[in-house]
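*Asks:* Numbered per the working numbering, the sequence shown spans residues 101 to 250. The C-beta atom is built at its ideal place from N, Cα and C for all residues, glycine as well. These numbers were taken from a predicted model, which means no experiment stands behind them.
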Amino acid sequence: MSREVEDLNRRLLRARDAMDRSYAEPLDVPAVAAVAHLSEAHFIRSFRAAFGETPHRYLQRRRVERSMFLLRETDRSIIDICFDVGFTSRGTFSRTFRQIVGETPSGYRVGNGPMVAPNCYQMWATRPVVAAGLPRRSSSFGDAAAATAS
101 MSREVEDLNR RLLRARDAMD RSYAEPLDVP AVAAVAHLSE AHFIRSFRAA FGETPHRYLQ
161 RRRVERSMFL LRETDRSIID ICFDVGFTSR GTFSRTFRQI VGETPSGYRV GNGPMVAPNC
221 YQMWATRPVV AAGLPRRSSS FGDAAAATAS
């Protein structure tokens, strides 16, 4: 792998880590691209090539994953969870949740109570791709980097 590719991968990982840490804060693509020291267009293209989805979609998915946990494990209201994970409106939250998970937040809460399993298994089993039974696209960094190097 060339030095330029390694540098780009480090920058993308730094940006993804920033999104993971600050998912509940109001983040936009230009701000995250600045973390990676890349232009917005180059950042979006490179992020999608490396991780299999756009930065915006990645951030939405992370927020939905966190809300899935809160819906299962707490009795807090859906609107509180919506704002706590970084969405700014219940409509956007519900629409995004349904697109990713395949059901509404209230429907998910009714059908999914607290889990009794090791955390690592819970995290894997409740990932939106696994939970919805969708075909699994590789989003691992190593697979995508190998594909772009070819």
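Between the segment 138-148 and the segment 171-181, do at least 3 Cβ pairs fall closer than 8 Å?
*Replies:* Counting Cβ pairs under 8 Å, fewer than three are found: no touch.
*Asks:* Excluding the 5 residues flanking L108 on each side, which residues of the same chain have their C-beta closer than 7 Å to its C-beta?
*Replies:* Once the five neighbours on either side are set aside, the close Cβ partners of L108 are S146.
*Asks:* Straight-line CA distance for T154 to V210?
*Replies:* When rounded, the distance between both Cα atoms is 31 Å.
*Asks:* What first and last residue would you give for the alpha helix (DSSP H) that runs through F187?
*Replies:* Where F187 is concerned, there is no enclosing alpha helix (DSSP H), given that its DSSP letter is neither H nor E.
*Asks:* By how many angstroms is the C-alpha of F183 removed from the C-alpha of T253?
*Replies:* Outside the modelled stretch of the chain, which goes from 101 to 250, sits residue 253, for which no answer is possible.
*Asks:* From L159 to M119, what does the alpha carbon distance come to, in whole angstroms?
*Replies:* Going by the C-alpha atoms only, they are around 7 Å apart.
*Asks:* Taking E165 and P228 to be in contact with their CB atoms under 8 Å, please state how far apart those CB atoms are, rounded to whole angstroms.
*Replies:* At roughly 7 Å, the Cβ-Cβ gap stays under 8 Å, so E165 and P228 are in contact.
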